[in-house]
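> Just so you know, the protein sequences line up as chains A and B, in that order. If you read the first sequence in UniProt numbering, its first letter stands for residue 1, the second for the next number, and so on. If you read the second sequence in UniProt numbering, its first letter stands for residue 1, the second for the next number, and so on. Glycine included, every Cβ here is placed at the ideal spot set by N, Cα and C.
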Amino acid sequence: MGDSQYSFSLTTFSPSGKLVQIEHALTAVGSGQTSLGIKAANGVVIATEKKLPSILVDEASVQKIQCLTPNIGVVYSGMGPDFRVLVRKSRKQAEQYHRLYKEPIPVTQLVRETAAVMQEFTQSGGVRPFGVSLLVAGYDDNGPQLYQVDPSGSYFSWKASAMGKNVSNAKTFLEKRYTDDMELDDAVHTAILTLKEGFEGQISGKNIEIGIIGTDRKFRQVSALTLSPFLNILLMEKWPFGFKKCQSLVLTPAEIDDYLAEVE
Amino acid sequence: MSRGSGGGYDRHITIFSPEGRLFQVEYAFKAVKAAGITSIGVRGKDSVCVVTQKKVPDKLLDQASVTHLFPITKFLGLLATGMTADARTLVQQARNEAAEFRFRYGYEMPVDVLSKWIADKSQVYTQHAYMRPLGVVAMVLGIDEEKGPQLYKCDPAGHFYGHKATSAGSKEQEAINFLEKKMKNDPAFTYEETVQTAISALQSVLQEDFKATEIEVGVVKADNPVFQVLSTEEIDEHLTAISERD
Numbered sequence: 001m002g003d004s005q006y007s008f009s010l011t012t013f014s015p016s017g018k019l020v021q022i023e024h025a026l027t028a029v030g031s032g033q034t035s036l037g038i039k040a041a042n043g044v045v046i047a048t049e050k051k052l053p054s055i056l057v058d059e060a061s062v063q064k065i066q067c068l069t070p071n072i073g074v075v076y077s078g079m080g081p082d083f084r085v086l087v088r089k090s091r092k093q094a095e096q097y098h099r100l101y102k103e104p105i106p107v108t109q110l111v112r113e114t115a116a117v118m119q120e121f122t123q124s125g126g127v128r129p130f131g132v133s134l135l136v137a138g139y140d141d142n143g144p145q146l147y148q149v150d151p152s153g154s155y156f157s158w159k160a161s162a163m164g165k166n167v168s169n170a171k172t173f174l175e176k177r178y179t180d181d182m183e184l185d186d187a188v189h190t191a192i193l194t195l196k197e198g199f200e201g202q203i204s205g206k207n208i209e210i211g212i213i214g215t216d217r218k219f220r221q222v223s224a225l226t227l228s229p230f231l232n233i234l235l236m237e238k239w240p241f242g243f244k245k246c247q248s249l250v251l252t253p254a255e256i257d258d259y260l261a262e263v264e
Numbered sequence: 001m002s003r004g005s006g007g008g009y010d011r012h013i014t015i016f017s018p019e020g021r022l023f024q025v026e027y028a029f030k031a032v033k034a035a036g037i038t039s040i041g042v043r044g045k046d047s048v049c050v051v052t053q054k055k056v057p058d059k060l061l062d063q064a065s066v067t068h069l070f071p072i073t074k075f076l077g078l079l080a081t082g083m084t085a086d087a088r089t090l091v092q093q094a095r096n097e098a099a100e101f102r103f104r105y106g107y108e109m110p111v112d113v114l115s116k117w118i119a120d121k122s123q124v125y126t127q128h129a130y131m132r133p134l135g136v137v138a139m140v141l142g143i144d145e146e147k148g149p150q151l152y153k154c155d156p157a158g159h160f161y162g163h164k165a166t167s168a169g170s171k172e173q174e175a176i177n178f179l180e181k182k183m184k185n186d187p188a189f190t191y192e193e194t195v196q197t198a199i200s201a202l203q204s205v206l207q208e209d210f211k212a213t214e215i216e217v218g219v220v221k222a223d224n225p226v227f228q229v230l231s232t233e234e235i236d237e238h239l240t241a242i243s244e245r246d
């Protein structure tokens, strides 16, 4: 890739043995908007702040949480344009796997291949590392899984993780609240509370994004419309009747009406 | 002990600085401002309008050849703010891509797909050392079959967003402040209101009243989704309407 004039790596070792470009990439991630993920016993939730540069931006045109396959979703902290490149490459890899094996790609395989791409860009000629860390959430035959991939290309499986500006507070909060037998709806509740901790301004369905995947193995992005009543519930510390029976967070109109009746 | 600035190259090519910034990308943004032109785009209920200053530096220049407003296809327009040469490259590539899309898939390239393509290309320049980022902010406008009027802005960093209204160039921030006030309650502008908001925003921010030959205006309307550059007479009508209104 790149011109032959640049066929030397831009990421080189410093005298102390560090790859400084990767460290700088991590700094870029650390100044990005907070995002987090939580693995529950029966699903995974990922969430992120969606702070737009101006009220003039059409927030419906922006989607930070993306689907890589019907059962794997991803969110990032760091540089949006770099994220789009990785999403595109990962989707292609997932599709190639499917074409070869006639099976949906397992989460670990997709994570591994994505991480390999990120590692390539720390060693190839004439390119810089990606300025994003990814949180990949999926549900396959091995159950619910959550992986974090860093600009260096290293990845780990997490029970719960956070990245971006508010990472240390968010992780402390998650450590306190996480339990191994957490259910998906508790996890969503905790995710929203964690985001709220470091949130500057008024949290609402329009300035956060939430993606969930449950035992149905269908990754779902929660729309602002369904999110608002849910946030109201959270702020009032109440749960709508029958919510725990829902497979996913997309409340039906009847359930929303039930909740609204309770609020009034 | 870690080295200070990676050998000092972080300002010359797009590698990370110690603070995690890409200086070349930031300098590209400055180049957009240095061009000395401000542009404004406004999306109405059933139309989109973009306005930019037309500065002809030399009287001997052919006025008609000085333009920042380019049709990409019959239905898509692009307003390029910043370095003219970079703008022409971008437009050339965008026209090629839109034509190929139409050939390959049998339908017109939508606004957001073109914007994403432009933004993804810009991202490549921020990651590969062999090409510098382009010093251009592109506003793409068109009528989407499903979503209606669309206005997208793509910048040298590779970001792109859909906008209700936006601005680019030297007085970008002042214009955005002005537009935020106007669009605060999500108004649904008619075609005339859209054009007049865009032009009066430019006039207010630059604090001067324009003659029709000093600005360029491009529009798309839902009832006639062809991208049109307004003629001097049409611009004059709108300018008169604005001054009568005030």
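Return yes when the Cβ of isoleucine 210 (chain A) is within less than 7 Å of the Cβ of valine 222 (chain A), no when it is not.
Taking the first sequence and counting its residues from 1, one reaches residue 222 (chain A) at position 222. Taking the first sequence and counting its residues from 1, one reaches residue 210 (chain A) at position 210. Yes, they are a contact pair.
> Here's a check: name, in chain order, each residue in its chain whose Cβ is nearer than 8 Å to the Cβ of serine 122 (chain B), leaving out the five neighbours to either side.
The count along the second sequence starts at 1 and reaches residue 122 (chain B) at position 122. If we look at serine 122 (chain B) and ignore the five residues flanking it on each side, its Cβ neighbours are Pro133, Leu134, Cys154, Asp155, Pro156, Ala157, Gly158.
> Exposed or buried, which one is valine 56 (chain B) when buried takes at least 16 other CB atoms within 10 Å?
Stepping through the second sequence from its first residue, residue 56 (chain B) is reached at position 56. With fewer than 16 other Cβ atoms within 10 Å, it is exposed.
> What three-state label does DSSP hand phenylalanine 199 (chain A) in the structure shown?
Here residue 199 (chain A) refers to the residue found at position 199 of the first sequence. Note: phenylalanine 199 (chain A) maps to coil in three-state DSSP.
> Under 7 Å between the Cβ atoms of valine 113 (chain B) and threonine 81 (chain B)?
What you label residue 113 (chain B) is simply residue 113 of the second sequence in a count that begins at 1. What you label residue 81 (chain B) is simply residue 81 of the second sequence in a count that begins at 1. Cβ atoms of valine 113 (chain B) and threonine 81 (chain B): not closer than 7 Å.
> Does chain B have any CB closer than 7 Å to the CB of threonine 27 (chain A)?
Taking the first residue of the first sequence as position 1, residue 27 (chain A) is located at position 27. Yes, threonine 27 (chain A) counts as interfacial toward chain B.
> Just to make sure I have the definition right: I need the residues of chain B whose C-beta is within less than 8 Å of the C-beta of leucine 193 (chain A). Which are they?
As a position in the first sequence, residue 193 (chain A) is number 193, starting the count at 1. What leucine 193 (chain A) touches in chain B: nothing, since even the nearest Cβ is about 28 Å away.
> What does leucine 56 (chain A) touch in chain B if you count any residue whose Cβ is under 8 Å from its own?
Here residue 56 (chain A) corresponds to residue number 56 of the first sequence, with the count starting at 1. Per Cβ cutoff of 8 Å: His163, Lys164, Ala165, Thr166, Ile176, Leu179, Glu180, Met183.
> At the 7 Å Cβ level, is alanine 201 (chain B) part of the contact set with chain A, yes or no?
Along the second sequence, one-based indexing puts residue 201 (chain B) at 201. Taking Cβ atoms only, chain A never reaches closer than 7 Å to alanine 201 (chain B), which makes this a no.
> Does the beta carbon of methionine 62 (chain A) sit closer than 7 Å to a beta carbon anywhere in chain B?
Taking the first sequence and counting its residues from 1, one reaches residue 62 (chain A) at position 62. Here the sequence assigns valine to residue 62 (chain A), which means methionine is not the residue at that position. Taking Cβ atoms only, chain B reaches closer than 7 Å to valine 62 (chain A), which makes this a yes.
> Label glutamine 196 (chain B) either buried or exposed according to how many other C-beta atoms from any shown protein chain fall within 10 Å of its C-beta, with 16 as the threshold for buried.
As a position in the second sequence, residue 196 (chain B) is number 196, starting the count at 1. Buried.
> Quick one: grab the DSSP three-state call for leucine 193 (chain A).
Start at 1 with the first residue of the first sequence, and residue 193 (chain A) comes out as number 193. Reduced to three states, the DSSP call for leucine 193 (chain A) is helix.
> Among all the DSSP beta bridges, which residues are the ones paired with glutamine 123 (chain B)?
Within the second sequence, numbered from 1, the residue matching residue 123 (chain B) stands at position 123. DSSP, once it has assigned bridges, lists no residue as partnering glutamine 123 (chain B).
> How big is the Cα-Cα spacing for isoleucine 72 (chain B) and valine 91 (chain B)?
What you label residue 72 (chain B) is simply residue 72 of the second sequence in a count that begins at 1. What you label residue 91 (chain B) is simply residue 91 of the second sequence in a count that begins at 1. When rounded, the distance between both Cα atoms is 7 Å.
> Since aspartate 82 (chain A) meets chain B, which of its residues come closer than 9 Å, beta carbon to beta carbon?
Here residue 82 (chain A) refers to the residue found at position 82 when the first sequence is read from its first residue. In chain order: Gln123, Thr126, Gln127, Gly158.
> Just how far apart, CA to CA, sit phenylalanine 178 (chain B) and glutamate 49 (chain A)?
Reading the second sequence from its first residue, position 178 is the one you call residue 178 (chain B). Reading the first sequence from its first residue, position 49 is the one you call residue 49 (chain A). Going by the C-alpha atoms only, they are around 26 Å apart.
> Given that glutamine 93 (chain A) touches chain B, what residues does it touch there, using C-beta distances under 9 Å?
For the purposes of this step, residue 93 (chain A) is taken as the residue at position 93 of the first sequence. Simply none; closest approach about 17 Å.
> In angstroms, rounded to a whole number, what distance separates the CA positions of tyrosine 76 (chain A) and serine 7 (chain A)?
Translated into positions along the first sequence, residue 76 (chain A) becomes position 76. Translated into positions along the first sequence, residue 7 (chain A) becomes position 7. Between tyrosine 76 (chain A) and serine 7 (chain A), the C-alpha separation is close to 29 Å.
> Just the C-alpha distance for threonine 52 (chain B) and lysine 176 (chain A), rounded to the nearest angstrom, thanks.
Locating residue 52 (chain B) in the second sequence gives position 52, where the first residue counts as 1. Locating residue 176 (chain A) in the first sequence gives position 176, where the first residue counts as 1. Rounded to whole angstroms, threonine 52 (chain B) to lysine 176 (chain A) spans 54 Å at the Cα level.
> Answer yes or no: do alanine 201 (chain B) and isoleucine 37 (chain B) have a C-beta to C-beta separation smaller than 7 Å?
One-based indexing of the second sequence puts residue 201 (chain B) at position 201. One-based indexing of the second sequence puts residue 37 (chain B) at position 37. Not closer than 7 Å, so no.
> By the 10 Å Cβ neighbour count, where 16 or more other Cβ atoms means buried, how is leucine 36 (chain A) classified, buried or exposed?
Walking along the first sequence from the start, residue 36 (chain A) turns up at place 36. Looking at its Cβ environment, which holds 16 or more other Cβ atoms inside 10 Å, leucine 36 (chain A) is buried.
> Are the stretch 142-150 of chain A and the stretch 87-96 of chain A touching by the rule of at least three beta carbon pairs closer than 8 Å?
No, because fewer than three Cβ pairs between the stretch 142-150 of chain A and the stretch 87-96 of chain A fall closer than 8 Å, the two stretches do not touch.
> Mind pulling the chain A residues with CB within less than 8 Å of residue 257 (chain B)?
Residue 257 (chain B) cannot be examined here, being either before or after the span of chain B that is shown, 1 to 246.
> Is methionine 1 (chain B) helix, strand or coil by DSSP?
Mapped onto the second sequence, residue 1 (chain B) falls at position 1. Unreliable positioning characterises methionine 1 (chain B) in this predicted model, as indicated by a pLDDT of 33, which lies under 50. The coordinate reading is nonetheless provided below. Coil at methionine 1 (chain B), not helix or strand.
> With DSSP run on the structure shown, which of helix, strand or coil describes lysine 147 (chain B)?
Translated into the one-based positions of the second sequence, residue 147 (chain B) becomes position 147. Coil at lysine 147 (chain B), not helix or strand.
> Applying the criterion that 16 or more other CB atoms from any shown protein chain within 10 Å of the CB defines a buried residue, is lysine 39 (chain A) buried or exposed?
The residue given as residue 39 (chain A) occupies position 39 in the first sequence. So lysine 39 (chain A) ends up on the buried side.
> According to the Cβ coordinates, are phenylalanine 227 (chain B) and glycine 77 (chain B) closer than 7 Å?
The sequence position of residue 227 (chain B) within the second sequence is 227, counting from 1. The sequence position of residue 77 (chain B) within the second sequence is 77, counting from 1. Yes, the pair counts as a contact, with Cβ atoms nearer than the cut-off.
> Determine, for isoleucine 15 (chain B), whether the minimum Cβ-Cβ distance to residues of chain A falls below 7 Å.
Residue numbering aside, residue 15 (chain B) sits at position 15 when the second sequence is read from its first letter. Yes, isoleucine 15 (chain B) counts as interfacial toward chain A.
> Is there a C-beta anywhere in chain A that falls below 7 Å from the one on glycine 20 (chain B)?
By one-based count along the second sequence, residue 20 (chain B) stands at place 20. By this cut-off, glycine 20 (chain B) is an interface position.
> Using C-beta distances below 7 Å, list every residue in its chain close to lysine 164 (chain B), excluding the 5 sequence neighbours before and after it, in chain order.
Within the second sequence, residue 164 (chain B) is the residue found at index 164, counting from 1. Cβ neighbours of lysine 164 (chain B) beyond the five flanking positions: Arg43, Met183.
> Roughly how many whole angstroms lie between the Cα atoms of aspartate 144 (chain B) and alanine 28 (chain A)?
To locate residue 144 (chain B), count along the second sequence from 1; it is residue 144. To locate residue 28 (chain A), count along the first sequence from 1; it is residue 28. Distance between the alpha carbons of aspartate 144 (chain B) and alanine 28 (chain A) is about 35 Å.
> Could you pull the DSSP bridge partners for isoleucine 215 (chain B) from this structure?
Residue mapping note: residue 215 (chain B) aligns to position 215 of the second sequence, counting from 1. Beta-bridge pairing links isoleucine 215 (chain B) to B:Gln53.
> Listing by chain order, which chain B residues have their CB less than 9 Å from the CB of serine 31 (chain A)?
For this step, residue 31 (chain A) is matched to residue 31 along the first sequence. Neighbours of serine 31 (chain A) on chain B, chain order: Glu19, Gly20, Arg21.
> Would you call the stretch 96-115 of chain A and the stretch 64-72 of chain A in contact, with 3 or more CB pairs under 8 Å?
Because the criterion of three Cβ pairs below 8 Å is met, the stretch 96-115 of chain A and the stretch 64-72 of chain A touch.
> Is it buried or exposed, serine 61 (chain A), if we count other Cβ atoms within 10 angstroms and call 16 or more buried?
As a first step, residue 61 (chain A) must be located in the first sequence, where it is residue number 61. Buried, since its Cβ has 16 or more Cβ neighbours within 10 Å.
> Would you mind listing the alpha helix (DSSP H) stretches within the stretch 138-188 of chain A that are 4+ residues and don't spill past its ends, in chain order?
Complete alpha helix (DSSP H) runs here, min 4: 167-177.
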